[in-house]
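J.: Number 399 marks the last residue of the sequence shown (this note's numbering); no jumps.
Yeah, the Cβ is synthetic: ideal placement off N, Cα and C, and Gly gets one too.
These figures come from a predicted structure and were not determined experimentally.
To start, I am sharing the structure in question, which I have written as structure tokens.
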Amino acid sequence: MGSPKFYVASPLGDRTAGPEALTQLVDAIRRRGIEAYLVPMYNFRGGRNDPEYDIYDFDVVDRIPKSDDAHFVMTEVSPIESFRELRTVPKERTWIAWLSVNFSPDPRARHFRPSEACCKTFPPEVYSAGGPLPYEPVPAGYDLPTEVPPGLFRTFREAAARAGGPSRVKATVIEDISIHYARHIYDSRPNFITQSHYGQGFLRSTFGRDSHLITDPIRIVDVGPQQRERNLVVYNGSKGRWLVPHLRERMPDVNFVPLENMSYGDVCELLARATMYVELGLLHGRDRLPREAAHLGTPVAFVARGSAYCWADAPVPVKYRVPFQEGWADLMVPVIRDVLADPEQARSDQSSYREWVAGERERYETAVDGWLKEALST
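Right, here's the structure in full:
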């Protein structure tokens, strides 16, 4: 058997947290003296990695050669796009990385809602105190569509709903095949990686399996001195946008600005100028923007949706975590008002969150070491 080589499937060209996390993983493996490459998913062949990721050590190959020393890491997003690679590498040396749980084609993932059975929404000391909880824990994501009811042709009906209706026959058939293939791969491959405690909870409750927790550390860039704008609250422009009007109508005097269509440097500068970052999105994994805001000293508040339901993925004090239920906006408004009135107090409240973010790099390196030790033992 030759030297081990790792191949990591990636949507080359996309500039999102997923492709960067996959590039980071290749970089981490190569820093340990092991060969590792990005291999493009089917619809991304011929592309190139976004230039912002040139800071990492990586190389790209078109395909995985047949050998007895190849290891394959794929994402949960579209297993059928890695059909060729999955036929090349045996299942015991294949790892499924769950970076964005609800982006999977499998209805079990797309419609997953966290609860206390998945992960705890309050910090450990709240439970250990033995008193009443701050509020009754509620499953996040009440805006998600109800899963297609069981019955005849259930998966086909799910596919038709995603494709735009049964009249779009070709798109529906392709989607149906994609769903069936994804479920087959998830059920038959034994090795999982996840990027969040939310993902771990999903895998335990759905598949009854453990997984390696390997969370992508944020990218650190130098940001020059910025003057804080006391009335500026920023949010992720690609997630939770439809919730913003509920805040604007209650707080017309506050300047809510989306983070979108910017370079990473511009994002960091705007975060450094803002008095607050509000996370309103349904988080499919442990999102970077809240962590980047904390790194830059900007207080963060969450609507507890998706991974933000899990305190271990968003460990800010309870005050800064609003349950996603009817009336959530009325609960969030006083949180925002308090931060704008006294941002220094909010920064003090969230000092432990900033320390937690600062420790990500060390935890990441330790997690990669543990995963590689197991992967190379197969």
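Can you tell me whether Glu365 sits near the ligand MG, meaning its C-beta is under 6 Å from at least one heavy atom of the ligand?
T.: What this structure holds is no ligand at all, so the ligand MG is not there to describe.
J.: Applying the 10 Å Cβ sphere with the 16-neighbour rule, what's the burial state of Glu106?
T.: Per the 10 Å Cβ criterion, buried.
J.: Grouping DSSP H, G and I as helix and E and B as strand, with all else coil, what is Gly39?
T.: In the structure shown, Gly39 sits in a helix (DSSP, three-state: H, G or I).
J.: Answer yes or no: do Ile117 and Arg210 have a C-beta to C-beta separation smaller than 7 Å?
T.: Cβ atoms of Ile117 and Arg210: closer than 7 Å.
J.: Can you name, in chain order, every residue of its own chain whose Cβ lies under 7 Å from the Cβ of Gln247, other than the five neighbours on each side?
T.: Excluding residues within five positions, the ones whose Cβ falls inside 7 Å are Glu290, Ala293 and Arg294.
J.: Would you list, in sequence order, the uninterrupted alpha helix (DSSP H) runs of no fewer than 4 residues that lie entirely inside the region 66 to 127?
T.: Entirely contained in the region 66 to 127, the alpha helix (DSSP H) runs reaching 4 residues are, in chain order, 104 to 109.
J.: For Thr215, tell me which candidate among Arg240, Asp308 and Pro32 has the shortest Cα-Cα distance.
T.: Cα-wise, what sits closest to Thr215 is Asp308.
J.: Using a C-beta cutoff of 7 Å, does Gly39 count as contacting chain C?
T.: Absent from the structure is chain C; it holds one protein chain and no more.
J.: Can you tell me where the beta strand (DSSP E) holding Glu381 begins and where it ends?
T.: That residue, Glu381, is in no beta strand (DSSP E); its alpha helix (DSSP H) goes Glu381 to Ala396.
J.: Indicate the three-state DSSP secondary structure (helix, strand or coil) for Phe223 in the structure shown.
T.: Helix.
J.: In whole angstroms, what separates the C-alpha of His205 from that of His233?
T.: Roughly 21 Å separates the two Cα atoms.
J.: Can you tell me where the alpha helix (DSSP H) with Glu347 in it begins and where it stops?
T.: Careful: Glu347 lies outside any alpha helix (DSSP H) and carries neither H nor E.
J.: Check whether the Cβ atoms of Val356 and Trp349 sit closer than 7 Å, and answer yes or no.
T.: In this structure, Trp349 does not lie closer than 7 Å to Val356 by Cβ.
J.: Per the contact definition of three or more C-beta pairs closer than 8 Å, is the region 358 to 368 in contact with the region 65 to 74?
T.: Contact between the region 65 to 74 and the region 358 to 368 is absent, because fewer than three Cβ pairs lie under 8 Å.
J.: Where Ser31 and Ser103 are concerned, what is the direct C-alpha to C-alpha distance, given to the nearest angstrom?
T.: Cα to Cα, the separation comes out at about 9 Å.
J.: Give the secondary structure of Ser24 by DSSP, where H, G and I count as helix, E and B as strand, and everything else as coil.
T.: In the structure shown, Ser24 sits in coil (DSSP, three-state: anything other than H, G, I, E or B).
J.: Taking the C-alpha atoms as reference points, what is the distance between Pro40 and Leu120?
T.: So the alpha carbons of these two residues sit roughly 10 Å apart.
J.: Quick one: using the 10 Å Cβ neighbour count with 16 as the cut-off for buried, is Met62 buried or exposed?
T.: Buried.
J.: Below 8 Å on the Cβ atoms is my guess for Thr296 versus Leu253; work out the distance and round it to an integer in Å.
T.: Their Cβ separation, rounded to whole angstroms, is 6 Å, which keeps Thr296 and Leu253 in contact under 8 Å.
J.: DSSP on Phe228, reduced to helix/strand/coil?
T.: Helix, per DSSP.
J.: Arg251 by DSSP, collapsed to three states: which one?
T.: Of the three classes helix, strand and coil, the one that applies to Arg251 here is strand, per DSSP.
J.: For Gly261 and Lys87, I'd like the C-alpha separation in whole angstroms.
T.: Distance between the alpha carbons of Gly261 and Lys87 is about 44 Å.
J.: Out of Leu310, Arg358, Arg251 and Pro111, state which residue places its alpha-carbon closest to the alpha-carbon of Ser259.
T.: Of the listed residues, the one whose Cα sits closest to Ser259 is Leu310.
J.: Check whether the Cβ atoms of Glu300 and Phe323 lie closer than 7 Å to each other.
T.: Yes, Cβ-Cβ distance for Glu300 and Phe323 is below 7 Å.
J.: So if DSSP puts Arg342 in a beta bridge, which residue, or which two residues, is it bridged to?
T.: The partner list for Arg342 (beta bridge, DSSP) reads Phe323.
J.: If we ignore side chains and look at the alpha-carbon of each, how far apart do Val244 and Gly286 end up?
T.: Near 8 Å, if we compare the C-alpha coordinates of Gly286 and Val244.
J.: Looking only at its chain, what residues have a beta carbon closer than 7 Å to the beta carbon of Phe143, apart from the 5 residues adjacent to it on each side?
T.: Taken in chain order, the residues that qualify are Leu154, Pro155, Trp332 and Val339.
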